[in-house]
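Novice: Just dropping this structure here.
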Amino acid sequence: MRVATIALHTFKESVRERVLYNLVVFAVLLTAAGILFGIISVGVKEIILINLGLASISVFGLLIAIFIGIGLVSKEIERRSIYSILSKPVMRSEFILGKYLGLLLTLVVNTAIMTAGLYLALFYEKRTLALSDLNVLGAVYFILLQLAVVVGIALFFSSISTPILSAAFTFCFYIIGNFLADIRWFGREAQNVFLERATALLYYLLPNFGNFNVITRVSHGEKIPGYLVVGNSCYALLYITILVSAAILVFEEREFK
Amino acid sequence: MTALTPLAARRRFIRPMCGILIAAGFLALWPLQRSIDQLQGAQAQFADVLYLSSGTTLRRYCLGYEGLLADVYWTRVVQYFGRQRLAHSTRFELLGPLLRITTELDPQLLTAYRFGSIFLAEKPPGGAGQPQEALQLLRRGIVANPDYWRLWQDLGFIYYWDLKDYRNTSRIFRIGSERPGALPWMRAMAASVAAQGGEIQTSRILWTEIARQVDNDAIRQSAEAHLLALDAEQQITALNALLDRYRDQQGHAASSFAELVVAGYLPGLPVDPTGVPYVIGAKGRTILGPRSKVDLALLQ
């Protein structure tokens, strides 16, 4: 219950900070892209609408996850509101979990509205929606899983570092997480046992965001296989558990004077 | 009324001043940028430069947004091709590399293979006149999309139309006809090309199929122009035969089609598919009227 209250408060705070204003930019972007690419390109109007729509959902979500996520804990400390919160019968773990779920709720609402906008744009473009268009939802789900992991990373760094450094670390993790397959390949190509093992360790240790990348496939109407949905859901859940647990652990040890 | 303090008075003056400066600044930006553009001249125009030449490398750096980047590159292909055509240029050096990057970024972007091969294969000034590049592009497309039979159709079309290689055309149509979902006419075309080579009827079936299936106006217009040219060529052949018969039977060559009409060889003055009357040329053969919109060069 207390977790839900904190989560709801975090969500309301995000809305108050005009986070959802990005939806306006998203709507303009989709409308403009639909019109513009119809004029200047050939045969890719629908594909580009899906690609651009999903890429925007991902990028806007990522920006919100990083820039709100890094302030989740540090802002409360900076504003000294943490003292009044922790003086109430609220466990530190509940506070962290509530903060995490609150930002996740913001992202879910944001993504849901953007997805509805994307479907509206698709309907406007095609004058109909086919069953195969449901595949887009699969890509949206994977974007949400990716964002949930990014929020976890941001929350973890927010509990141990300053906002600027947290943003830098989270962004670095995101970039590295997209290059993990390459890093492992470089290790194999180096023909060096130590490098091969080190890169393999990194490959399994760091969050592999390449797993969630299905945007291009979905834009061609490809269906996401069930094993990938189950595998990625488990992967994200596992990673989030690790990150939130680590954040709680650090926060539990932290002293506030 | 209370008198304003010096600070308040200054503030009252500063605010409108700032507003004016901002507005004036924005207004001045427009002519300034225009003059810079004029001074830069042609150098400031869009440069046809490939900053990155490998789609595979680009794919690694785009953090999972390769589909979107492929769409952008495809749009660049369309814009580049259109610009060169509008400028009546016969140089299309970047077309092949741009198409390669696009399809390396998104190997499933079928539009890029299908339209791209037409852009590459078509003879100048209509296209780049690079049928071998077009074949390579389509072969890459077939490797990435082995079950998509239309790419085999496009491959066969280039062998037939641009390379006049009827043996390979027949072979390609036959292989393509065995792909899932291939329409029955592919098998018929394989047999027809093998038997008759470059017959007009075979060309007509191919162009009709292209005109029917594409959803792009420029390519449909091109297919329709080819069909008009084929019709005109068929009519010219028939009219020339009639002119020969007239000369043999009347003992002299006709100087105009009106003579054939008067003699009862024709019911009226013959017109081409665009409605412009045919005329008899200096060598006594049928040629298109000066205002005709039919382009027989398309059939060369």
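From first to last, the protein sequence lines stand for chains B and C.
Plus 10 on top of the position in the first sequence (first one is 1) and you've got our numbering.
Plus 21 on top of the position in the second sequence (first one is 1) and you've got our numbering.
For every residue, glycine included, the Cβ atom is placed at its ideal position computed from N, Cα and C.
Since the structure is predicted, the reported quantities are computational estimates derived from the model, not experimental observations.
Would DSSP call V38(B) helix, strand or coil?
Specialist: Secondary structure of V38(B) (DSSP, three-state): helix.
Novice: Considering only residues of the same chain and omitting the five flanking positions on each side of R171(C), which have a CB-CB separation below 6 Å?
Specialist: none
Novice: Cα separation between L84(C) and L90(C)?
Specialist: 11 Å
Novice: Per DSSP, what are the beta-bridge partners of P173(B) in this structure?
Specialist: BP columns for P173(B) are empty, so no partner.
Novice: By Cβ distance, which residues of its chain are closer than 8 Å to Q64(C), with the 5 residues on each side in sequence left out?
Specialist: At Q64(C), the pLDDT of 49 sits below 50, so the modelled position is not reliable; the number obtained from the coordinates is stated separately. Taken in chain order, the list of residues that qualify is empty.
Novice: Would you please verify whether the beta carbon of L62(B) is less than 8 Å from any beta carbon of chain C?
Specialist: yes
Novice: Secondary structure at F67(C), three-state DSSP: helix, strand or coil?
Specialist: Note that F67(C) has pLDDT 47, beneath the 50 cutoff, so the model's placement of it is unreliable and no number is given.
Novice: Closer than 6 Å by C-beta to V224(B): which residues in its own chain qualify, once you throw out the five before and the five after it? Chain order, please.
Specialist: So the qualifying residues of the chain are A149, F152 and I234.
Novice: By DSSP, does I43(C) sit in helix, in strand, or in coil?
Specialist: helix
Novice: If you measure from the beta carbon of F261(B) to each beta carbon in chain C, is any gap under 8 Å?
Specialist: no
Novice: Tell me which same chain residues have a C-beta within less than 7 Å of the C-beta of L319(C), skipping the five on either side of it?
Specialist: When the five nearest sequence neighbours on each side are left out, the beta carbons in the same chain lying within less than 7 Å of the beta carbon of L319(C) are those of A246, H247 and A250, in order along the chain.
Novice: In chain order, what residues of the region 81-107 of chain C put their CB closer than 7 Å to some CB of chain B?
Specialist: R81, L84, G85, Y86, E87, G88, L89, D92, W95, T96, V99 and Q100
Novice: Once DSSP output is grouped into helix, strand and coil, what is the label at P27(C)?
Specialist: helix
Novice: To the nearest whole angstrom, what separates the beta carbons of G197(B) and L205(B), a pair I think is in contact under 8 Å?
Specialist: 5 Å
Novice: I'd like the span of the alpha helix (DSSP H) that includes I95(B), first residue to last.
Specialist: S91 to S97
Novice: I need the DSSP call for I308(C), collapsed to helix, strand or coil.
Specialist: strand
Novice: By a C-beta neighbour count over all protein chains shown, 10 Å radius and 16 as the cutoff for buried, is I35(C) buried or exposed?
Specialist: By the neighbour-count rule (16 or more Cβ atoms within 10 Å), I35(C) is not buried but exposed.
Novice: Tell me which residues of the region 23-53 of chain B have at least one Cβ-Cβ distance to chain C shorter than 7 Å, keeping chain order.
Specialist: F47, I50, S51, V52 and G53
Novice: How would you list, in chain order, the residues of chain C whose beta-carbon sits under 7 Å from the beta-carbon of H230(B)?
Specialist: Q129
Novice: Between A210(B) and the rest of its own chain, which residues show a CB-CB distance below 8 Å, the 5 nearest in sequence each way excluded?
Specialist: For A210(B), where only same-chain residues beyond five positions count, the Cβ hits under 8 Å are R194 and G197.
Novice: Report, in whole angstroms, the separation of the C-beta atoms of L119(C) and R97(C), which I expect to be a contact under 8 Å.
Specialist: Between R97(C) and L119(C) the Cβ distance is about 6 Å, and since that is below 8 Å, they are a contact.
Novice: With a threshold of 8 Å between beta-carbons, can F178(C) be considered close to chain B, or not?
Specialist: no
Novice: Since I believe I163(B) is in contact with L253(B) (beta carbons under 8 Å), could you give me their beta-carbon distance rounded to a whole number of angstroms?
Specialist: About 6 Å separates the two Cβ atoms, so the contact holds.
Novice: Relative to the C-alpha of L126(C), which residue among G137(C), A142(C), H109(C) and Y94(C) is closest?
Specialist: Y94(C)
Novice: Taking 8 Å as the limit between beta carbons, can you name the residues of its chain near V228(B), skipping five residues before and five after?
Specialist: I60, L64, N145, V146, G148, A149 and I234
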